[in-house]
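*Asks:* I have a structure here, written as structure tokens, and I will follow up with some questions on it.
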Amino acid sequence: MMQANTSPESSAKGSKAEAIVSVQGVSMVFPNGTVALKDANLEIAQGEFISLIGPSGCGKTTLLRLLADLIQPSSGTIRIGGKSPEEARKARAYGYVFQAPTLMEWRNVLSNVMLPLEVMNFPVQERRARAERMLALVGLEKFARHYPWQLSGGMQQRVSIARALAFDPQLLFMDEPFGALDEITRENLNLELLRLWRETGKTIIFVTHSIPEAVFLSTRIVVMTPRPGKIETVIPVDLPQPRTFETRETTRFFELATAVREALRKGHGYEVTE
Amino acid sequence: MRISPSLVPMLVVALVVLALYWPLMYLANIPVAQRALDTGAALPCQTAFECATQLRSPVLPSPQQLWNGFGNLMFPLNSPNAIPVNAAVTAFETVVGLLLAAVVGFFFAIGMVASRAFERALLPWIVASQTVPIIAIAPMLVVLLGQYGVQGWLPKAIIAAYIAFFPITIGVAKGLKSPDPMALDLMKTYNASHWQTYLKLRFPASVPYLFTAFKVAMTAALIGAIVAEISTISFQGIGKMLAENSRASDVVAMWVIMLSSAVLGILLVALVNWLERLLTPWRRTGGGAAIPAKQARLSRREGVG
């Protein structure tokens, strides 16, 4: 069941695609001496849904920020679609969804989704069409004229997902996007995110500290442990697609959740609390 | 006339002040009136109590005297010696000063946000410039500017700008620094240029701070303009009226002009408030009770999503 294997897995979709993300021997030491990430190795294939899970300080957000070129590694190599993270960022290869929606309060919903298109100099006529399509994708087309403060937290985060997808990047990086939401909203959005993933065929790398969320969403789960932050193991998730509300009630779901929980515990000498 | 409910607390304060003013006025004026009666001055009244409201140079003018003084100084509306024309001149100087201050303030603020070295080199001098008494610096500035042919209202506007640029600099710098680190990261993931980050994120985020700074700066600029008028040669303006009536020891007129400049300050700040509502529509909270209902409707829809 558990494999400390970091070689490329075939994606759950069955096709053996080439690695879109490749992490080799990457370490990150912050100036204050904290080892945020130690010797991480990971290959991610096109179309996968990868969750990075672990307690605070395990380096999961650090790894995502390294992939996004928001910080640079102390050592090791990262390739995104064959390019360095900086080249990939400049080629606008990924969309990034943050922990908070980070919507611009002075822009309405539609205009928020158009923000990356404006920055990237898309043709004016195309901006609106794309933004409207993205809002329809996240089911918020009726709220195009609303301002962010008029939306609930869950809706704001859906807008931020639409914004990340607006310029059609190959990769979607998501850093605990549903962490601040209540359980019911979160489960709804999990289901919606899986639908988005199926419809768009994006490769998603998703940071979370919720075991059920990771099991429900992922094709593979990267279990990370702290002090120093490292990849403990990678657990493939063989739950059938498309997943539904009932998926969470299957025996296999509980087996996988238990496997993740044990991997988290094994990597560290204390109980991992949810 | 319909009175807006938001005005009621303000009017209550006005009534309380008026109620307190009356006995204070008698308290202050009766001894003076008594002394005037004792020296046998020609007064149109018999008792000190009566005379307290009719002194030519009262310690505190009576409301009736203020009202009459107001009538005298307000009309004719287009007279060069009446308050409206002079208040308009001062208001013009103040607003031009504020706009000048905004330009300078933006320049300093952008420099301070862009470069720590710039901030460290300049901020102490900017602070120092504000501790120099404006009443001392105003005449010298006028002499200096006059050397280069700058005369009339412009030196007053420049002096107004001199005190107004400080709150604007600090406010705009704070506004430009206000975006969340995550929002800055977001712009970085778009590979946005510095200029785009300013245009799409830092400038819009600083607008609310700008208006708060404008409100502080507007009152500062008004004081600057009036002080500039008093301390230099002026032919028009509230400050010129104050200086004239001060020389003439016309206490009632001084009070009337003082109150008028207070009203002018309120009007100018109200103008900023109005512009703020106009230019930051996303902050408008709409009509009171309508909001909870709207949010309830929105969150019901959320459940469906």
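If you read the sequences in order, they're chains A and B. In terms of my numbering, the first sequence is residues 48 to 321. In terms of my numbering, the second sequence is residues 120 to 424. Glycine included, C-beta positions come from ideal geometry on N, C-alpha and C. In this text the structure is predicted, and so the values were computed from the model without any measurement.
Taking the DSSP output, what are the residues bridged to A/Ile268?
*Replies:* Secondary-structure assignment with DSSP links A/Ile268 through a beta bridge to A/Ser98 and A/Ile282.
*Asks:* Is there at least one Cβ from chain B nearer than 7 Å to A/Ala191's Cβ?
*Replies:* With 7 Å as the cut-off, A/Ala191 does not count as an interface residue toward chain B.
*Asks:* Ordered along the chain, which non-local residues of its own chain (more than five positions away) have a Cβ less than 6 Å from that of B/Leu264?
*Replies:* Pro274
*Asks:* According to DSSP, simplified to helix, strand and coil, what is A/Ser122?
*Replies:* strand
*Asks:* Hey, would you say A/Ile100 sits closer than 7 Å to A/Val270, going by beta carbons?
*Replies:* yes
*Asks:* Since A/Ala213 contacts A/Ala178 with CB under 8 Å, what's their CB separation in whole angstroms?
*Replies:* 6 Å
*Asks:* Less than 7 Å between CB atoms is the rule here; does B/Pro323 satisfy it with respect to chain A?
*Replies:* yes
*Asks:* For the beta strand (DSSP E) that A/Asp222 lies in, which residues bound it at each end?
*Replies:* Leu218 to Asp222
*Asks:* From the DSSP output, in three-state form, read off A/Glu90 for me.
*Replies:* strand
*Asks:* Below 8 Å between beta carbons is the criterion; list the residues of the segment 296-311 of chain B that meet it against any residue of chain A, in chain order.
*Replies:* Asp299, Met301, Ala302, Asp304, Leu305, Met306, Lys307, Thr308, Tyr309, Asn310 and Ala311
*Asks:* On the DSSP bridge assignment, give the partners of A/Val73 in chain order.
*Replies:* A/Ala87
*Asks:* Enumerate, from N- to C-terminal direction, the unbroken alpha helix (DSSP H) stretches of 4 or more residues contained entirely within the segment 227-269 of chain B.
*Replies:* 235-250 and 253-266
*Asks:* Enumerate in chain order the residues of its own chain whose CB-to-CB distance from B/Ile410 is below 6 Å, with the five nearest sequence positions on each side excluded.
*Replies:* Low confidence applies to B/Ile410: its pLDDT is 37, below 50, so where it sits in the model is not reliable, and the reading given next is rough at best. Contacts found: none.
*Asks:* Select from A/Arg126, A/Ala115 and A/Val82 the residue whose C-alpha is nearest the C-alpha of A/Leu89.
*Replies:* Just measuring C-alpha positions, the residue of A/Arg126, A/Ala115 and A/Val82 sitting nearest A/Leu89 is A/Arg126.
*Asks:* What does A/Lys137 touch in chain B if you count any residue whose Cβ is under 9 Å from its own?
*Replies:* Near A/Lys137 (Cβ distances below 9 Å), the residues of chain B are Asn310.
*Asks:* What are the start and end residues of the alpha helix (DSSP H) that includes A/Thr232?
*Replies:* Glu230 to Thr247
*Asks:* Between B/Glu169, B/Lys359, B/Ala206 and B/Ala292, which has its C-alpha nearest B/Leu386's C-alpha?
*Replies:* B/Ala206
*Asks:* So which residues on chain B does A/Leu303 lean against when the C-beta distance must stay under 7 Å?
*Replies:* Under the 7 Å cutoff, chain B gives no residues; its nearest Cβ is about 27 Å from A/Leu303.
*Asks:* Per the DSSP calculation, A/Asp142 is bridged to which residue(s)?
*Replies:* It is Gly, not Asp, that sits at residue 142 of chain A in the sequence shown. Note: A/Gly142 sits in a beta bridge opposite A/Leu219.
*Asks:* Check this for me: beta carbons of A/Thr250 and A/Glu95, under 7 Å apart or not?
*Replies:* yes
*Asks:* CB-CB under 7 Å to B/Ala257, same chain, minus the five flanking residues each way: which ones, in chain order?
*Replies:* Ile278, Val346, Ala347, Ser350 and Thr351
*Asks:* Does the Cβ of B/Arg154 have 16 or more other Cβ atoms within 10 Å, making it buried, or fewer, making it exposed?
*Replies:* exposed
*Asks:* So B/Ile342 and B/Ile202 are supposed to be a Cβ contact under 8 Å. How far apart are they, rounded?
*Replies:* No, B/Ile342 and B/Ile202 are not in contact; Cβ-Cβ is about 18 Å, not under 8 Å.
*Asks:* Within 10 angstroms of the Cβ of B/Asn148, are there 16 or more other Cβ atoms? Answer buried if so, exposed if not.
*Replies:* Around the Cβ of B/Asn148, a 10 Å sphere holds 16 or more other Cβ atoms; the residue is buried.
*Asks:* So, is the C-beta of A/Thr247 closer than 7 Å to a C-beta in chain B?
*Replies:* no
*Asks:* State the CB to CB distance for the pair A/Asn159 and A/Val82, rounded to an integer number of angstroms; the pair is presumed to be in contact (CB under 8 Å).
*Replies:* Going by Cβ atoms, the distance from A/Asn159 to A/Val82 rounds to 37 Å, so no, they are not a contact pair.
*Asks:* Three-state secondary structure (DSSP) at A/Val185?
*Replies:* coil
*Asks:* Taking beta-carbon pairs under 9 Å, can you tell me which members of the segment 152-185 of chain A lie near chain C?
*Replies:* Within the model displayed, chain C is absent; protein chains A and B are what it includes.
*Asks:* DSSP three-state label for A/Lys137, please.
*Replies:* DSSP places A/Lys137 in helix when its eight states are reduced to three.
*Asks:* I think A/Ser121 touches A/Ser74, with their Cβ atoms under 8 Å apart; what is that distance to the nearest whole Å?
*Replies:* 5 Å
*Asks:* Looking at C-alpha atoms only, which residue of B/Pro199, B/Gln165 and B/Met193 is the closest neighbour of B/Ser353?
*Replies:* B/Pro199
*Asks:* Can you tell me the Cβ-Cβ gap for A/Ala209 and A/Leu187, rounded? I've got them flagged as a contact below 8 Å.
*Replies:* 7 Å
*Asks:* Which residues bound the alpha helix (DSSP H) around B/Phe285?
*Replies:* Trp272 to Leu295
*Asks:* Is A/Pro289 near the ligand GDP, with its Cβ less than 6 Å from a heavy atom?
*Replies:* Of the ligands one can find in the structure shown there are none, so the ligand GDP has no counterpart to examine.
*Asks:* Between B/Trp314 and chain A, is there a C-beta pair that is closer than 7 Å?
*Replies:* no
*Asks:* Output yes if chain A places a C-beta closer than 7 Å to the C-beta of B/Trp272; else output no.
*Replies:* no
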